[in-house]
Amino acid sequence: MNRTSELFDDRIAEWLEEDPDRAPAQLLETVLAAMPSVPQRRAGQAWRPAALPRWWQLAAAAALIVVLGLLGLTALYPPTVAPSQSPEPSLTAPARTFTPAASPSIPVASPSPQAGTALPDSVIGAWYHAAPGWWWFVRAGDPACVQAVRTDLDCVVWQRGTTPREIGSASIVDGDLQVAWRSGFCTRITSLYSVALQGDSLNLVDIGGGCEGGNFALTRAGTGSAPTAPPPPTP
Amino acid sequence: MQVELVERARRGDRDAFASLAAASADRCYALAYRILRDPHRAQDAAQQALLGAWRDLPTLRDVERFDAWLHRLVVNACYVEARTERRSAAKVRVLRAEPETSDIARGVVARDELEAAFRQLSPEHRAVVVLHHHLGYQLTEIAETLGIPAGTARSRLHHAVQQLRAVLDSGESAAAGERMA
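Order-wise, the sequence lines are chains A and B.
Each residue of the first sequence is one higher than the one before, counting from 1220 in our numbering.
Each residue of the second sequence is one higher than the one before, counting from 20 in our numbering.
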């Protein structure tokens, strides 16, 4: 450092020295008065983004946006199970092993349902589930749907054992069954199931949206070992 | 003594923090004033920093580093204040003082010019200048306190001083020219 630089540094230091060093009394008074209303953070929250360099914050924000975008795309366009090549009925999917959910999981908000088409006639009616439980696929306008779901779409009523029934609007989207649950544990969840219908057996495989994942092997009521169905519970 | 107060305060002892705040308020204000060049904004920044210190104290891992950590909070609070200041800065225009002949008057003019030149620096550059020239921090300490790489601290200090010199040199050249005329 040359002499000129030293002189200039001294000049800056002297100039800064002339500034006030005493805080106004109100400063401390204000802090002490406000302190009781400011809760302390927990020690576990030691990491703070503000402590990181700005470029790192930007990179983290960009990465977060990418991840959220990918998750959003995955939710909107879930991976579909390849359908089998049987001409009739049109709702088909590979058979899977029935894996009932052990216990209800916490529902997570899912994307809004997409516009779909009406359910095929072949699935309308009551289906028995060995869990035990019942699934009723009901045409649009049925009181069970209209009063609970307030939809002009077809709907599904799912009664699991003695738990409160779950009702949602049902439609076919790209060959899959889309259920927008509007009543019961899965409320506000939109589930997507691949559908395999073979005779009196209907397999639903959860492929997106969740609430309660797994496969549901259903048997048409009154066929095989399935008992005759009771009427769908009214709201 | 301070370490014990910090330990107690981070466990939620308000009296301990009141003692810490009382001992630190002047220092926080002095640092904030030198960066912001405004008593009211400096007071606001110091208050925000002290309240932030109370809120975040349980997250401070090394209680021995309380002072440096508090300085960082003050500097960050100054950045926030400066951002709001910048929005209204367009209304403020720095007037160049008329050339004077006496030494006392020339000293006042020089300080005003330094003030005006300093205000042209970004808050980030001001902070580095104040930490170095007022608190006597070395570049590594500045980097550690502000959470920036040492190279960035060096670069900011260099550019800040260069900019101050350039502004002052141009002012002095203009004043010399007027005196000769």
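Just so it is clear, CB atoms sit at the ideal spot from N, CA and C, and this is done for glycine as well.
Keep in mind the model is a prediction, meaning the values are calculated, not measured.
Taking a contact to mean a Cβ-Cβ separation below 8 Å, would you say residue i touches residue j in this structure?
{"i": "His144 of chain B", "j": "Ala169 of chain B", "result": "no"}
{"i": "Val1424 of chain A", "j": "Ser1413 of chain A", "result": "yes"}
{"i": "His152 of chain B", "j": "Leu1235 of chain A", "result": "yes"}
{"i": "Ala136 of chain B", "j": "Leu187 of chain B", "result": "yes"}
{"i": "Gly1380 of chain A", "j": "Ala1350 of chain A", "result": "yes"}
{"i": "Ala1242 of chain A", "j": "Ala44 of chain B", "result": "yes"}
{"i": "Asp1373 of chain A", "j": "Ser1390 of chain A", "result": "yes"}
{"i": "Val82 of chain B", "j": "Glu163 of chain B", "result": "no"}
{"i": "Val149 of chain B", "j": "Arg53 of chain B", "result": "yes"}
{"i": "Leu76 of chain B", "j": "Gln1259 of chain A", "result": "yes"}
{"i": "Trp1346 of chain A", "j": "Ala1415 of chain A", "result": "no"}
{"i": "Val147 of chain B", "j": "Arg102 of chain B", "result": "no"}
{"i": "Glu134 of chain B", "j": "Arg33 of chain B", "result": "no"}
{"i": "Leu183 of chain B", "j": "Ile1231 of chain A", "result": "yes"}
So who's on the other strand from residue i, going by DSSP bridges?
{"i": "Leu1423 of chain A", "result": "A:Val1414, A:Phe1435"}
{"i": "Ala1398 of chain A", "result": "Ala is not the amino acid found at residue 1398 of chain A; the sequence shown has Val there. A:Ala1389, A:Ser1410, per the DSSP bridge assignment."}
{"i": "Tyr48 of chain B", "result": "Note: Tyr48 of chain B sits in no beta bridge, so no partner."}
{"i": "Thr1336 of chain A", "result": "A:Ile1391"}
{"i": "Trp1377 of chain A", "result": "A:Trp1354, A:Glu1385"}
Using a 10 Å radius around the Cβ and a threshold of 16 neighbouring Cβ atoms, would you call residue i buried or exposed?
{"i": "Asp1340 of chain A", "result": "exposed"}
{"i": "Gln1378 of chain A", "result": "buried"}
{"i": "Tyr1296 of chain A", "result": "exposed"}
{"i": "Ala1445 of chain A", "result": "buried"}
{"i": "Tyr157 of chain B", "result": "Sequence inspection shows Gln at residue 157 of chain B; the Tyr mentioned does not correspond to that position. Under this definition Gln157 of chain B is an exposed residue."}
{"i": "Pro1255 of chain A", "result": "exposed"}
{"i": "His177 of chain B", "result": "exposed"}
{"i": "Leu92 of chain B", "result": "buried"}
{"i": "Glu132 of chain B", "result": "buried"}
{"i": "Leu1292 of chain A", "result": "exposed"}
{"i": "Ser1402 of chain A", "result": "buried"}
{"i": "Ile1284 of chain A", "result": "exposed"}
{"i": "Trp1354 of chain A", "result": "buried"}
{"i": "Gln1245 of chain A", "result": "exposed"}
{"i": "Asp1395 of chain A", "result": "buried"}
{"i": "Gln62 of chain B", "result": "buried"}
{"i": "Trp88 of chain B", "result": "buried"}
{"i": "Val1398 of chain A", "result": "buried"}
{"i": "Arg30 of chain B", "result": "exposed"}
Could you check where the alpha helix (DSSP H) with residue i kicks off and where it finishes?
{"i": "Leu70 of chain B", "result": "58-75"}
{"i": "Val22 of chain B", "result": "21-29"}
{"i": "Val1250 of chain A", "result": "1244-1253"}
In terms of residues, what are the limits of the beta strand (DSSP E) holding residue i?
{"i": "Tyr156 of chain B", "result": "Run containing Tyr156 of chain B: none; DSSP gives neither H nor E here."}
{"i": "Ala1345 of chain A", "result": "1344-1348"}
{"i": "Arg1384 of chain A", "result": "Taken as a continuous stretch (DSSP letters only), Arg1384 of chain A belongs to no beta strand (DSSP E), as it is neither H nor E."}
{"i": "Val1357 of chain A", "result": "1352-1357"}
The region 66-82 of chain B touching the region 1246-1259 of chain A, judged by at least three CB pairs closer than 8 Å: yes
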